[in-house]
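For reference, the structure is listed below as structure tokens.
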């Protein structure tokens, strides 16, 4: 994930896409909050592109708005076979001057941006190092698969801790409350595939 090749969150207009879908479906922010469980104030900040929604929140928003998560990354019409070149990927990264509860503690990049009908969401994720007390736990519908490429990664649930090394994988049901962190004061990179029911 080369910094010079990255596309910032603002360039994707994810907040605007969410707002357009919400208004098209004649939903208020309060309606969307009720459907997703996300606070109205957070939804407003997402729509105004003030905060970066984590993957779990994007999945909830997509379901509530009747679309797929890839809709937020899409720029072209869907096709039956999709090739995404390395320069076409979209990187989402947190902003250091906005730290909210539940804000992402990782940088993620959609590996497929052209098919809004796909059932799986493949991502290249960089998990940042942090203290255990700073880990933010999340849960969502579906299943998740992680293949660690580089670094060491801690996967933690309410009652389990797994340490992954390069080449290790983990597959789990995403409703399990979970969090990740890079170890050894370094980021860890992984291919993550999320399937939402």
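In the working numbering, the protein residues as written are 388 to 584. The beta-carbon is built from N, C-alpha and C at its ideal position, and this holds for glycine as well.
Taking 8 Å as the upper bound for CB-CB distance, residue 527 and residue 421 are not in contact here, some 17 Å apart. Excluding five sequence positions before and after residue 512, the CB atoms of its chain that fall closer than 6 Å to its own CB belong to 493, 495, 577, 579, given in chain order. Residue 430 sits close to residue 419, with the two beta carbons spaced by under 7 Å. In terms of Cα proximity to residue 434, the closest of 525, 453, 450, 459 is 459. Residues 416, 417, 420 of the same chain have their beta carbon placed closer than 7 Å to that of residue 427, with the five preceding and five following residues left out of the count. In the DSSP assignment, residue 429 falls within the unbroken alpha helix (DSSP H) covering 427-434. In this structure, the CA atom of residue 530 is about 19 Å from the CA atom of residue 440. Scanning its chain for C-beta atoms nearer than 7 Å, with the 5 sequence neighbours on each side dropped, one finds around residue 557 the residues 533, 542, 549, 551, in chain order. Counting the other Cβ atoms within 10 Å of the Cβ of residue 478 gives 16 or more, which makes it buried. Runs of the beta strand (DSSP E) spanning 3 or more residues and lying entirely within the region 478-560 occur at 493-497, 507-514, 530-537, 540-544, 548-551, 556-560, in chain order. Taking a 10 Å sphere around the C-beta of residue 567, we find 16 or more other C-beta atoms and assign the residue as buried. A distance of 7 Å or more separates the beta carbons of residue 518 and residue 509.
Non-local C-beta neighbours of residue 400 in its own chain, meaning closer than 8 Å and more than five positions away in sequence, comprise 436, ordered along the chain. For residue 470, there is no enclosing alpha helix (DSSP H), as DSSP gives it neither H nor E.
DSSP lists no bridge partner for residue 476. Judged by DSSP secondary structure, residue 444 falls within the alpha helix (DSSP H) whose first and last residues are 442-451. Leaving aside the five residues that flank residue 404 on each side, the residues in its chain whose CB is nearer than 6 Å to its CB run, in chain order, 459.
DSSP, reduced to helix, strand and coil, places residue 569 within a strand of the structure shown. If you ignore the 5 residues before and after residue 402, its C-beta comes within less than 7 Å of the C-beta of 433, 434, 435, 436, all in its own chain and listed in chain order.
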